Amino acid sequence: MPTALPRKQKEMRRKQKEMRRKQKEMRRKQKEIRRKIALASVFYFKIFYFFASFLRLARYQPDL
């Protein structure tokens, strides 16, 4: 049977566990934010490209 840890050590372990949990949560949030930024940039690039193609068409056919 393992000997019981003193209260201070138990407290330290609990704090470390809590810290690890918080760090994990932070990493998850950051990953989510990066994913959203990537999706948004693709979306805006598509819109920009769409309008740019219209401008190109207008330049090549001035009688429109």
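Heads up, the sequence shown is in the working numbering, so the first residue is 60 and it goes up one at a time. Glycine residues also receive a C-beta, built at the ideal position from the N, C-alpha and C atoms. None of these values were measured; they are calculated from a predicted model.
Using only the alpha-carbon positions, how far apart do residue i and residue j sit?
| i | j | result |
| --- | --- | --- |
| arginine 115 | isoleucine 96 | 28 Å |
| glutamate 77 | lysine 69 | 12 Å |
| arginine 66 | arginine 80 | 21 Å |
| lysine 90 | tyrosine 103 | 20 Å |
| leucine 64 | arginine 87 | 32 Å |
| glutamine 82 | lysine 74 | 12 Å |
| arginine 94 | methionine 71 | 35 Å |
Let me know the secondary structure DSSP gives residue i once reduced to three states.
| i | result |
| --- | --- |
| alanine 99 | helix |
| alanine 117 | helix |
| alanine 111 | helix |
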